[in-house]
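Accompanying notes for the structure given below.
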Amino acid sequence: MNYSASELMTINSARLLRDHDVVFVGVGLPNLACNLAQRTHAPNLLMIYEAGVIGARPARLPLSIGDPTLVSGAAAVCSMYEIFTLYLQRGNVDVGFLGGAQIDQFGNINVTVIGDYNHPKVRLPGSGGSMEIAAWANRCYIITPHQLRRFPARVDFHTSAGFLDGGDARAKTGVRGAGPQAVVTNLGILKPDANGELVLAALHPGCSFEQAQANTGWALKQAETMEVTPAPAEEDLRILREELDPQRIYI
Amino acid sequence: MNYSASELMTINSARLLRDHDVVFVGVGLPNLACNLAQRTHAPNLLMIYEAGVIGARPARLPLSIGDPTLVSGAAAVCSMYEIFTLYLQRGNVDVGFLGGAQIDQFGNINVTVIGDYNHPKVRLPGSGGSMEIAAWANRCYIITPHQLRRFPARVDFHTSAGFLDGGDARAKTGVRGAGPQAVVTNLGILKPDANGELVLAALHPGCSFEQAQANTGWALKQAETMEVTPAPAEEDLRILREELDPQRIYI
Amino acid sequence: MTKLTTLSEAIRQYVHDGDCVFAAGFTHLIPFAAGHEIIRQGRKNLVLARATPDLIYDQMVAAGCARKIIFSYIGNPGVGSLRIVRQEIEAGRLEWEEYSHFSMISRLQAGAAGLPFIPMNQTAATDLEKANPQYKRVVDPYSGREVIVVPPLNPDVAIVHVQRCDASGNAQIWGIIGEQKEAAFAARHVILTAEEIVDEEVIRSDPNRTVIPGFIVDAVCHVPYCAHPSYTQGYYDRDNPFYLAWDKISETPEAVKAYLDEWVYGVKDREEYWQKLGEETRKRLEVAPRISSPVNYGQY
Amino acid sequence: MTKLTTLSEAIRQYVHDGDCVFAAGFTHLIPFAAGHEIIRQGRKNLVLARATPDLIYDQMVAAGCARKIIFSYIGNPGVGSLRIVRQEIEAGRLEWEEYSHFSMISRLQAGAAGLPFIPMNQTAATDLEKANPQYKRVVDPYSGREVIVVPPLNPDVAIVHVQRCDASGNAQIWGIIGEQKEAAFAARHVILTAEEIVDEEVIRSDPNRTVIPGFIVDAVCHVPYCAHPSYTQGYYDRDNPFYLAWDKISETPEAVKAYLDEWVYGVKDREEYWQKLGEETRKRLEVAPRISSPVNYGQY
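Protein chains in written order, with our numbering: chain B, 936 to 1186; chain V, 936 to 1186; chain U, 250 to 549; chain R, 250 to 549.
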């Protein structure tokens, strides 16, 4: 069976979602993953969008976080201040999805700047919602291609917190969310160990530890029980290709 | 011409309102005064009700602060948190009306308790909105019958601030509103002097300083220029009696 | 996922002796039927929180349900004194914790927003601040001046009456919205009572009207006329004569007992209560329609 | 009292060189026509504040209107980089002040609420806090733990696009409401642009839908299609091909100049712009109706 890296990451991300999860969804692959999960094993998944949309039922693939298709037919709309207070800060969000230009050994994320903040070599978009999502969602998932430049040992800038320097550093800050629980890449899945360090927990079919290590900027450990992810099911691919992204914009 | 004390107080209160004033209205006499002003010299008066109603156009006399007649046909409705933040605390309210079981020499108001707070002799309703209205409306007006027990030299409890102990005591707190600008009674009108002390500034037709003094719990001073208020106009009385309170509930 | 249940079952499951209860609704949508059901089920030692206790808490206090009241204005709105709450406070038989409206609603806002405290500007009136140790001060780090702060209020259960909701609890309210949303988000459990349970497509035709999302709701109860003698905008009017009558009833323990016996203990549920009110009262509270102009969300 | 005027006159009167401008709208209702009019009138040294600068600020920065930008996310939404803002920041030619979305909107909320600061819980990510001295900390007097605070943002002028309002500026919005209300209440002056100016009876038929009351509004401008290439819920769709096209245009100064010459300086106003877009584009952005279920307010 043939599938793209995006399809592989989307399907593996969908598997991490549980029925009745309240998910803070981003556009692109997270949106596809949530819609896929809802059509398969998590029919009661509740999708919340940063723009203030609750229980969206997009009739078409949303092309931006504020696409009007998210609103028509949604259960509720609220203001931006409300989505960050009543929903996120209050602890009503189970899952947040994050991406990042850099993700480091302890799951910290940089989407702000490459180089010095005040004299940026590359100026990135900045936090948007990610600083608070990473802090306050019960669980966070990161979807990103596995490339060496994306996985440095340390991020240039802490836009959002993973496990900081590891150990109990995150817990000591009193932040409510449990932090990044998985990083889904095109090679496998990284998960934090007891010390908060991202270790390789699963490989996708046909991928090797050596590939993962070659694309990771620190000495990558393996989880005690290394798994191989099941290959994407035909039905999952059909839903992605025929129903969710027929124009193949993201997959 | 015959008129009641309530009519007299209402008409004199209405005169204090200016066109385009944004008024935080209470039910009862303040509501009548505002509606009278709007039908006479202040057609652009904007009425805001504590329950979160902006630009109300009540079709009947509202019997409580949350009467549904305030909402039907209003310009806007907002939450209670919003009425106190976006409107009052932000400084968008020109005029607030207050009443009180006790009003003292410096315009401080008590609607909380007679006697000791923890062992109340008479437990009154408490602040409601009045603590913040007295602090943050640009101007406050008090409507109350002139009775000795209502005008003690000092209130038992500072529910809302007038000029505190006088002088610059209020200004020093940094509170934005200018405080009580007039107390309209059935005998006349008290206004704060430069020291914040309430002095008799006007008498209604046929009322005397001696009457006012006899019903005031401190040595009442007279303003430099004492006025006699014009008698209620026939048209004002007609509007009150025929249009605003035909069942004579408040007047 | 349906959360439909009876009010009696919802109260049984989510209101326990000793709980802090927030029966929401600023002058509008006051869930009287829920208060009556709590009385019928004999709950004790409740902490009753509401900006304006209104007749609902006066009756619950009279029935012996409460140990403490948290409020910002105790009056019979538009009528006068709230006799029973007042008398119990004066007699030292009821604990109380008191705020201004703004600090009361700020506590709920902090509770709903997940904040450890929320600031307010000073009012120069400091006696309540001295009387209630929940008020504290914090220095504004920008100006060096002090602001007043209050801690979050997170009731064990909020009871919120709404005009319409779907079976999952996505709820729409119009007219005075008071603190309905904040109460629901602040509370640990949420019981909705609704004039109408509608198809979810009605709710989803106007998502901006939704004040409470279903996923924070525990129980959805179809209780028409739940708010009588207060009102529901567009459904029925405030029963002002009853507010006046209560002023008399609450003057004597005998009259209060007779009222509770007849109108609370003596009826099974709100439907029986509503029928018992009689044709004339029901007729008097009817309102003629005044319909909103629709808006277009567009098919995208 | 009517506040109707032209957009050109409103910009002339309420937007001055050096002002802090908040052109509101989170992904929706972005007042592009107002941005273009500001460019045409040649304003300089503006401080441009918005959570997401979007193409509107990219174009205003390109046209030399801005000295500084206040933001929480600089991207071409759904497309990629916001090239001009990014390049001016990288080149050190544009000052910037940066927040997360939540702290950005908290600044507006503090500004709208009249508060000297507003708290947020900690996020454990402290680099932005270190980079931006506007962030400060305050000790929660209840727990002894620190919270993060930001000061109010009070722009000189907010420009808010709405679906409908009356001539006095009582404005109704549906779809994503973002920070429209907070921006209006926080700002010293408010310019409304509206798809439709309606009779006040339309507004007053549904007061709960009103987000901005007219009395805080300075100017009301009837500007259909103001938000293109962003969108107005129920009126027209987002012009996604233009968002993609801007990614190419903004690669070279020549293409940007040609764009501004043709589509901003080269047209008189939004109506000319909209006609110039052509029948095909206009047709492509049309949306079929999807109407809200009405509600009943009742005649009281």
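Just so you know, even glycine gets a beta-carbon here, dropped at the ideal spot from N, CA and C.
Residue 548(U) reaches chain B at 994 and 1007, counting residues in chain order whose Cβ is nearer than 8 Å. Between residue 478(R) and residue 303(R), the alpha-carbon positions lie close to 11 Å from each other.
Taking residue 955(B) as the centre and dropping the five residues before and after it, the same chain places the C-beta of 979 closer than 6 Å to its C-beta, in chain order. With contacts defined as CB atoms closer than 8 Å, residue 378(R) and residue 354(R) fail to qualify as a contacting pair. Sixteen is the threshold: when 16 or more other Cβ atoms of the shown chains lie within 10 Å of the Cβ of residue 369(U), as they do, the residue is buried. Residue 1003(V) sits in a helix when the DSSP states are folded into three classes. Separation of residue 325(U) and residue 467(U) (C-alpha to C-alpha, rounded to the nearest whole angstrom) is 31 Å.
Using a CB distance cut-off of 8 Å, residue 1024(V) counts as an interface residue toward chain R. For the pair residue 256(R) and residue 273(R), the CB atoms are not nearer than the 8 Å cut-off.
Residue 437(R) has a beta carbon lying at 8 Å or more from every beta carbon in chain V. According to the DSSP assignment, residue 324(R) belongs to no alpha helix (DSSP H), since it is labelled neither H nor E. Scanning chain R for C-beta atoms nearer than 7 Å to the C-beta of residue 1004(V) yields 549, reported in chain order.
At least one CB of chain V lies nearer than 8 Å to the CB of residue 250(R). Residue 345(U) has 318(U) as its beta-bridge partners, per DSSP. The residue from 409(U), 408(U), 373(U) and 367(U) with its alpha-carbon nearest to that of residue 389(U) is 367(U). Comparing alpha carbon positions, the residue from 1112(V), 1107(V), 996(V) and 1102(V) closest to residue 1032(V) is 1112(V).
With contacts defined by Cβ atoms closer than 8 Å, residue 544(U) and residue 454(R) do not form a contacting pair. Using a C-beta cut-off of 8 Å, the segment 469 to 477 of chain R makes contact with the segment 275 to 290 of chain R, since at least three inter-stretch Cβ pairs fall below that distance. For the segment 362 to 375 of chain U, the beta-carbon criterion of a distance under 9 Å to any beta-carbon of chain B is satisfied by 362, 363 and 364. DSSP places residue 472(R) outside both helix and strand once states are collapsed to three, so it counts as coil.
The alpha-carbon separation between residue 1022(V) and residue 949(B) amounts to approximately 45 Å. Here residue 1062(B) carries a coil assignment [DSSP, helix/strand/coil].
Nearest Cα to residue 298(U) within the set 407(U), 319(U), 444(U) and 365(U): 319(U). Distance between residue 262(U) and residue 373(U), taken at the CA atoms: about 44 Å. DSSP lists 1077(V) as the bridge partner or partners of residue 1033(V). Around the CB of residue 976(B), fewer than 16 other CB atoms lie within 10 Å, so the residue is classed as exposed. Straight through space, the alpha carbons of residue 1000(B) and residue 526(R) are spaced by roughly 25 Å.
Look at the segment 349 to 380 of chain U and you find these whole runs of beta strand (DSSP E), each 3 residues long or longer: 367 to 369. Under the DSSP assignment, residue 1123(V) falls in the beta strand (DSSP E) whose first and last residues are 1123 to 1127.
Note that the C-beta distance between residue 343(U) and residue 315(U) is below 8 Å.
Put simply, the segment 457 to 465 of chain U does not touch the segment 490 to 498 of chain U. Fewer than three CB pairs are less than 8 Å apart.
At a cut-off of 8 Å between beta-carbon atoms, residue 1012(B) makes contact with chain U. For residue 456(R), DSSP records no beta bridge to any residue.
Within the segment 1086 to 1115 of chain B, those residues whose Cβ lies closer than 7 Å to any Cβ of chain R are, in chain order, 1092, 1093, 1094, 1095, 1096, 1099, 1105, 1108, 1109 and 1110. Sequence-distant Cβ neighbours of residue 946(B) in its own chain, meaning closer than 6 Å and more than five residues away, are 1167 and 1171. CA-to-CA, the gap between residue 503(R) and residue 518(R) works out to about 23 Å.
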